[in-house]
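Novice:
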């Protein structure tokens, strides 16, 4: 057995059954080992390494398991960088494996050499370079352990070619991982819990502000138990969408820049913010000084560094969201907040999420109809921009791990490979990608991957012939000087779909939206791409301009009756 | 004694390649200051000690420590703020010492309990070593400033807390 074979065996021991990647010189020994049909690991060849990383992310976000991507040295490795950066910001468990030039050549500027350990140092949870083939089984164990525990994140394993080819004397994989500088398992502290219960007990206008931590620990049942017992309304961040069923009367949809008016007003007036698995990101808070200025804060968070980073918390509970919510639900007494709930309901009636139905095709209509047709049950991947916000606002999410989106890094091009990664994990489920013409063109080559590996997904491409979100900002804040945002009418998406063996449809009228969505839902032998052509002047509302506060929120203009 | 908002922390790390880059990179990318940094072996060959002097208010210091703790290779961090420390720095100072001022320099060296470690008469130069806490080294350098200082090198601070407790 050599290092590469030990690597593959160690991956198998971690339960890996699929890897996304592209080969190359320095990765040849690893691919040789992977090619052995005995090992039971499927390798999916993508068309660009960035997509391999996003597929691993999509797989990981949909399943909660560690996603694995693989690339060769040099450009292969550097092409993974965006995906790794995406994974660290959204706390996605991922192991990225890279080939490297032989140890004897490291530092010599050899062909396809890049110091990928150095390049990725700021964007990994941890990284290893295998220096001895005998270490590989242990490194793999540690990598998976680190990637999947505590606050999840990406771990890189760099494998020089000579190490991959060196003989392994004995395959030793430690049963238990012990890393003295890494102790991720913190249980909620009883005195902190008691203080939190006191605050919850006395709060008159409490809000549960929940995020990715609730999704990644699948703490939706515990969240619901707490929210219902204490009668506290819930707002879910972009990463937290699906933590509570949007149909639940306590759900206030999303907070922040493009959150609902009623969620933002509730946060403005709240006297207690119970922040769970969130990091007070600027897209939620805007101006920190004015965010929830009347509220005390209970911060439940697994990563101690997030506590007091952006907002000082009166009570902090350093723990897994699921454990903390379970305890809180148990300890908190039942309560009713009728007046507060009525106030929020009134705001919601005055200012619901809506759009101007003026007889033209609207992207929000597409999402709304899709939500109805799929009964909010589909796996939804998105790219980044206006369509992403509309998807987050108008799709009726029901469960965690349903929305696969690039929140922290905001990576255009994330969506298609992420949708494919989710389809790999759940071949029987309906997987939709909501994308825009700007984002889609950043990784559209992966239509080939969908075709070759028979991963039929459904794509709703909102085509406004521009980088819509940038255009929106230029309209509102940059004197309507449209600079660098035009995407003229190429390619022809119907022909493009056809060229990749997919079904392409084009929709321009509102009455044709539903039939097209229905046709896509009924087509399961190949990927369907529907191009919805809509006006570039359609804006995402509500909007709190960057760095401002709820007082500056701009609402959807109302059509004159 | 130290400057306001100046903190000394000891970062105990795995003695592995790349650890210094991880620690210093973290300071750089999060905009934390490093006033001085000393990396050394410890009584345990598998552990290195990084003594970092940094500037920041309490909340910044808290972030620095928490972010450092997230590095897998960081084992423990000791925050020495308000602790009874023994701390040392070393400076080597090369001065132009003429016949006229040589005896004054030697006198000052004695007063500060510094040591002349080299004299090269042909070049009229002298190298003086001073070891002490930051204030003593600073004071000595200030005193020497009126002479012609040709070169100066100074280590980062190293520190231990008095008593039996591990620090």
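Chains as they are written, first to last, in my numbering: chain A, -4 to 556; chain B, 9 to 175.
Beta carbons: idealized from backbone N, C-alpha and C, even for Gly.
1. State the DSSP-derived secondary structure class of residue 458 (chain A), mapped to helix, strand or coil.
2. How would you write the range of the beta strand (DSSP E) that residue 113 (chain B) sits in, first residue to last?
3. Does residue 81 (chain B) come within less than 8 Å of chain A when only Cβ atoms are used?
4. Per DSSP, which residues does residue 122 (chain A) bridge with? Please list them.
5. How is the beta strand (DSSP E) around residue 133 (chain B) delimited, first residue to last?
6. Would residue 11 (chain A) count as contacting chain B if we go by Cβ distances under 8 Å?
7. At a CB-CB cut-off below 9 Å, which residues of chain A make contact with residue 57 (chain B)?
8. Could you check which residue in A:147, A:394, A:442, A:166 has the C-alpha nearest to that of residue 178 (chain A)?
9. Starting from the N-terminal side, write out each stretch of the beta strand (DSSP E) that is 3 residues or longer and does not extend beyond the region 521 to 548 of chain A.
10. Going by DSSP in three states, residue 126 (chain B) sits in which element: helix, strand or coil?
11. Assess, as a yes-or-no matter, whether the region 408 to 415 of chain A is touched by the region 376 to 393 of chain A under the definition of 3 or more beta carbon pairs within less than 8 Å.
12. Which residues, in chain order, does the region 160 to 187 of chain A contribute to contact with chain B at a C-beta distance below 8 Å?
13. Would residue 9 (chain B) be called buried (16 or more neighbouring beta carbons within 10 Å of its own) or exposed?
14. Just to confirm, are residue 105 (chain B) and residue 132 (chain B) a CB contact at a threshold of 8 Å?
15. Do residue 348 (chain A) and residue 505 (chain A) have their C-beta atoms closer together than 8 Å?
16. Identify each residue in the region 101 to 125 of chain A for which the Cβ-Cβ distance to at least one residue of chain B is less than 9 Å, and report them in chain order.
17. Could you check if residue 267 (chain A) is buried or exposed, using at least 16 other CB atoms within 10 Å of its CB as the buried criterion?
18. When the cut-off is 8 Å and only beta carbons count, does residue 150 (chain B) lie next to chain A?
19. Which residues, in chain order, does the region 286 to 312 of chain A contribute to contact with chain B at a C-beta distance below 7 Å?
20. Pull the bridge partners of residue 498 (chain A) from the DSSP assignment, please.
21. Would residue 96 (chain A) pass as a contact of residue 82 (chain A) if the rule is Cβ separation under 8 Å?
22. Whose C-beta lies closer than 6 Å to the C-beta of residue 321 (chain A) among residues of the same chain, with five residues either side of it excluded?
23. How is residue 463 (chain A) classed by DSSP in three states: helix, strand or coil?
24. Inspect the CB distances between the region 415 to 425 of chain A and the region 445 to 455 of chain A and report whether three or more fall short of 8 Å.
25. In terms of residues, what are the limits of the alpha helix (DSSP H) holding residue 436 (chain A)?
26. What residues in the region 130 to 151 of chain A have a beta carbon less than 8 Å from any beta carbon of chain B?
27. Please look up how many angstroms separate the CB atoms of residue 150 (chain A) and residue 210 (chain A), rounded, as I've assumed it's under 8 Å.
28. At a CB distance below 7 Å, what residues from the region 43 to 74 of chain B approach chain A? Give them in sequence order.
29. Excluding five sequence neighbours on each side, which residues of the same chain lie with their C-beta closer than 6 Å to the C-beta of residue 157 (chain A)?
30. Thinking C-beta only, is residue 265 (chain A) closer than 8 Å to residue 202 (chain A)?
31. What distance in whole Å lies between the Cβ atoms of residue 159 (chain B) and residue 98 (chain B), which are believed to be in contact at a cut-off of 8 Å?
32. Can you name the start and end residues of the beta strand (DSSP E) that residue 187 (chain A) belongs to?
33. Roughly how many angstroms lie between the CA atoms of residue 140 (chain B) and residue 149 (chain B), to the nearest whole one?
34. Taking DSSP as the reference, what is the three-state secondary structure of residue 412 (chain A)?
35. Based on the DSSP output, what are the partners of residue 62 (chain A) in its beta bridges?
36. What did DSSP end up calling residue 291 (chain A) once you bin it into helix, strand or coil?
Specialist: Put simply:
1. strand
2. Residue 113 (chain B) -> not in any beta strand (DSSP E); alpha helix (DSSP H) instead, spanning 110 to 119.
3. yes
4. A:151
5. 133 to 140
6. no
7. Per Cβ cutoff of 9 Å: no residues; residue 57 (chain B) is ~14 Å from chain A at best.
8. A:147
9. 523 to 528
10. strand
11. yes
12. 174, 175, 176, 177
13. A caution first: residue 9 (chain B) carries a pLDDT of 45, below 50, which makes its placement in the model unreliable, though a value can still be read off. So residue 9 (chain B) ends up on the exposed side.
14. yes
15. no
16. 112, 113, 116, 117, 120, 121, 122, 124
17. buried
18. no
19. 299, 300, 303, 304
20. A:523
21. no
22. 217
23. helix
24. yes
25. Here residue 436 (chain A) belongs to no alpha helix (DSSP H), and DSSP marks it neither H nor E.
26. 141
27. Between residue 210 (chain A) and residue 150 (chain A) the Cβ distance is about 20 Å, and since that is not below 8 Å, they are no contact.
28. 67, 70, 71, 74
29. 97, 98
30. yes
31. Wrong, their Cβ atoms sit about 14 Å apart, outside the cutoff.
32. Premise fails: residue 187 (chain A) lies in the alpha helix (DSSP H), 185 to 197, not in any beta strand (DSSP E).
33. 12 Å
34. helix
35. A:89
36. strand
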